[in-house]
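Structure, as structure tokens:
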Amino acid sequence: MSECRFEAQAEMLEREFYRGIDRELIVEVQGYIGQHVEEGTSTIPGFTSLKILSELQAAEITPKTLMAFSLFPSIHVAWSDGNLADQEKEAILKAAESTGVISGSPAYGLLNSWLNKKPAPELFSAWKDFVVAIRPALSETAFQELRDAASNRARNVAETAGGILGVFKISSTEEKALKELEQAFASAA
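Residue numbering for the sequence shown follows the working numbering, starting at 3 and increasing by one per position.
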């Protein structure tokens, strides 16, 4: 990644995303990603197109950075009201499974870890900066797939968190968080 045009933004995103995460989980994530890269299979929840993943790899976006990038929007929306009840956490994890974050996987472990601690504002800033920085390196198709996968997962989290009592409504704070994510993507377009 030494010649990467957005190396600083990728490093900042990784640093902020993986800060305070259990070292064993980070090692597990790296091993999991390495195994799937060797096999040529997708390791990132929501990204099934190997053509798109090949483009991301050609742009020197590492799987570790891509995992941080893809999981953060869900975390941002989950914490939008400032707290998470246990039943919300359980519902969010269950909903995440329906979008490719499989129980027992490193992505699931990362999401679960983030549902137990509120992210600092610096993580959102790092994520936004990365979105803007990667846009010129990707085709329209790849950027749209990144945006759609991240946005769909975040919206699913909002619907799940708002629907704890059986009513699938998105709260005003969750809607605001979704709009912040949309604005970040729009500013990069």
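Don't be surprised by glycine CBs; every beta carbon is placed ideally from N, CA and C. Since the model is a prediction, treat every value here as computed from it, not as a measurement.
| Query | Result |
| --- | --- |
| Let's see if you can read the secondary structure: which residues bound the alpha helix (DSSP H) around residue 181? | 174–190 |
| Which class does residue 145 belong to by DSSP, given the choice of helix, strand or coil? | helix |
| Roughly how many whole angstroms lie between the Cα atoms of residue 10 and residue 152? | 22 Å |
| What's the C-alpha gap between residue 8 and residue 15? | 11 Å |
| Using alpha carbons as the reference points, say which of 76, 30, 21 and 13 lies closest to residue 67. | 13 |
| As a quick exercise: from 174, 187, 116 and 60, pick the residue whose alpha carbon is nearest that of residue 21. | 116 |
| Among 136, 110, 127 and 19, whose alpha-carbon lies nearest the alpha-carbon of residue 92? | 110 |
| Between residue 173 and the rest of its own chain, which residues show a CB-CB distance below 8 Å, the 5 nearest in sequence each way excluded? | 82, 83, 160, 163 and 164 |
| Work out the CA separation of residue 59 and residue 148 for me, nearest whole Å. | 13 Å |
| For residue 202 versus residue 54, is the C-beta distance shorter than 7 Å? | In the structure displayed, the chain extends from 3 to 191; residue 202 sits before or after that span and is not available. |
| Taking the Cβ atom as the reference point for each residue, do residue 157 and residue 190 lie within a distance shorter than 7 Å? | no |
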